[in-house]
Amino acid sequence: MSFSPLIEQLVESLRCLPGVGRKTAQRMALHLLERDREGGVHLSSALAEAMEGVSHCRLCRNFTEEELCSVCADTRRDRTTVCVVESPADVVAVEQSGSYRGLYFVLMGHLSPIDGIGPEDIGLDLLQQRIQRDGVSELILATNPTVEGEATAYYLSELVRGEGIKISRIAHGVPLGGELEYVDGSTLAHAFSGRKPME
Amino acid sequence: MKATLESGYVIHTRPWRDTSLIVEFFSREHGRVSMVARGAKGRRSRGGSSAALLQPFTPLQCSWSGRSQLKNLSACEALAPALSLAGERVYSGLYMNELLMRLLHHEDPHRVLFDHYAAVLALLADGASSEIPLRRFELVLLEELGYGFDLACDGLSGEALDDQGWYHYHEEHGLVEAPPGAAERLPRYRGHDLLSISRGDFSGNARQSAKRLMRQVLAAHLGDRPLKSRELFKRPD
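Residue numbers (the working numbering), protein chains in the order written: chain A, 82 to 280; chain B, 135 to 371.
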């Protein structure tokens, strides 16, 4: 049995969501039609508004519908420190830690030649301009501790080396509450090479 | 098909569903294998996740099973800590991985190439300069994939190269003598340099010639899409 064209269209459209296959999409569509029409209408208008209205922050490239995102617009934050992260989800994670009061730069990815992502695709020209223009004094490289993330961090550090600013890389090591016995060798090696004197 | 604790390196991973990864694995005995690492990104109760292990440049042993092209990774352990490719050497590693991804077919074993790949990684981790090991890797790669050609003989006439002659690379015949005069438009190579390369000697002009030649030969096999990792080597202005 096949659905009528409108339902079919809805099912196919829902499949663009990550991890949603045909079966799940069908379940979602039928749920909205059967039990939650109001929620469905609300979803469709929210989706349309967000897709239309949300673009990138002029400074940090994070998603926002304003010209500046809430972090960049906040005048109480330290404007001389910029933390470079791979994705908007990373900004949320660092913000939740509550330990950072500077600004961000969101790459929206990392250098990954095999996926066809080179330096131009992650907005590095924009970051370079910003450093030269806005009096940034420290750049914190918080790309992921993966091979691609490290390559991105290295590329960035080379890019801004001549600008006379402090460049740091976030520490990698043993997770809190973890047990050394279960930590993989590479992480442990990092933890040892990045050890700190006890104060 | 089932494989148990096969040695190899991860060439690439990409996220799949919420917590899984699709891993491209270059194994010594089975060549390139694609597999799903279920729950690799998920948090385990203790320590890290296996995504930490499934990184390029780490000597691994993996077990997998499955009949289709996409296998299921069932176990994975590190034979040694990840090789740390400092600075620009990581670009060289990514470059080799991109070549492997673009040119290797699934489940086509290349033991010689694998051993050579592992040796180059070890050299890079030791802090060696990357250019000449990369040229050797490219030559072995071409040879292993059946794209090899004789660097000491003219592919048409079969005669040994003339030290003073000029040669073109031709996709079918390999090196052919450049007709005098008409040579300017096509890339051409000095016989002397080609003979040096064939002996594994990359000194003097041979180094630059080898770079140009490999670039031309690889481009012929890579098709329209250029290698992205070359962009990393360019000095930013």
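A virtual CB, placed ideally from N, CA and C, is assigned to each residue, including glycine.
Here's the rule: buried if 16 or more other CB atoms are within 10 angstroms of the residue's CB, otherwise exposed. What is residue i?
i	result
residue 225/B	buried
residue 180/B	Confidence at residue 180/B is low in this model, with a pLDDT of 40, below 50, so its placement is unreliable and the value that follows should be read with caution. By the 10 Å Cβ count, residue 180/B comes out exposed.
residue 214/B	exposed
residue 256/B	exposed
residue 294/B	exposed
residue 190/B	buried
residue 136/B	exposed
residue 250/B	buried
residue 191/A	buried
residue 343/B	buried
Compare the beta carbon distance of residue i and residue j with 7 Å and say whether it is the shorter of the two.
i	j	result
residue 220/A	residue 251/A	no
residue 266/A	residue 212/B	yes
residue 198/A	residue 146/B	no
residue 363/B	residue 158/B	no
residue 141/A	residue 153/A	yes
residue 197/B	residue 209/B	yes
residue 218/A	residue 161/A	yes
residue 105/A	residue 167/A	no
residue 219/B	residue 252/B	no
residue 194/B	residue 174/B	no
CA-CA distance, residue i and residue j?
i	j	result
residue 173/A	residue 110/A	30 Å
residue 139/B	residue 161/B	10 Å
residue 159/A	residue 238/A	21 Å
residue 182/B	residue 263/A	Confidence at residue 182/B is low in this model, with a pLDDT of 44, below 50, so the placement of that residue should be treated as unreliable; the coordinate-derived value is given next. Their Cα atoms are separated by approximately 7 Å.
residue 265/B	residue 355/B	21 Å
residue 150/A	residue 170/A	14 Å
residue 216/B	residue 325/B	41 Å
residue 247/B	residue 101/A	39 Å
residue 320/B	residue 302/B	7 Å
residue 371/B	residue 138/A	Unreliable positioning characterises residue 371/B in this predicted model, as indicated by a pLDDT of 48, which lies under 50. The coordinate reading is nonetheless provided below. If I take the Cα positions, the gap works out to 25 Å.
residue 84/A	residue 169/B	35 Å
residue 300/B	residue 290/B	14 Å
residue 281/A	residue 268/B	Since the displayed chain A opens at 82 and closes at 280, residue 281/A lies outside it and no answer follows.
residue 184/A	residue 176/A	10 Å
residue 96/A	residue 103/A	7 Å
residue 275/B	residue 368/B	24 Å
- For the stretch 159-173 of chain A, which residues have a beta carbon sitting closer than 9 Å to at least one beta carbon of chain B? Close to chain B, meaning a Cβ-Cβ distance shorter than 9 Å, is no residue of the stretch 159-173 of chain A at all.
- Length-filtered (3 minimum) beta strand (DSSP E) runs lying within the stretch 126-188 of chain A: 159-166, 183-187
- Which full runs of the alpha helix (DSSP H) of 4+ residues lie inside the stretch 182-262 of chain A, going along the chain? 205-215, 228-240
- Item | Contact residues within the stretch 136-158 of chain A, judged by C-beta distance below 7 Å to chain B | Result list empty, no residue passes.
- Query: Which runs of the beta strand (DSSP E), 3 residues or longer, sit entirely within the stretch 278-308 of chain B?
  - Reply: 300-304
- Near-chain A residues of the stretch 186-202 of chain B (beta-carbon distance less than 8 Å), N- to C-terminal order: 186, 187, 189, 190, 191, 192
- Taking Cβ-Cβ distances below 8 Å as the criterion, which residues of the stretch 137-148 of chain B are in contact with chain A? 145, 146, 148
- Under 7 Å (Cβ pairs) to chain B, residues found in the stretch 221-236 of chain A: 227, 228, 231, 232, 235, 236
- Query: Quick one, which residues of the stretch 213-226 of chain B are near chain A if we go by CB-CB under 9 Å, in chain order?
  - Reply: 214, 215, 216, 218, 219, 220, 221, 222, 224, 225
- If you measure beta-carbon to beta-carbon, which residues of the stretch 149-174 of chain B are closer than 7 Å to chain A? Against chain A - using a Cβ distance shorter than 7 Å - the residues of the stretch 149-174 of chain B are 151, 152.
- Closer than 7 Å, Cβ to any Cβ of chain B: which residues of the stretch 181-194 of chain A, in chain order? 192, 194
- Start-end ranges of the beta strand (DSSP E) lying completely within the stretch 308-369 of chain B, minimum 3 residues: 308-311
- What residues in the stretch 100-134 of chain A bring their beta carbon closer than 7 Å to a beta carbon of chain B? 100
- Message: If we require 4 or more residues per run, which alpha helix (DSSP H) segments fall completely within the stretch 212-253 of chain B?
- Response: 223-237
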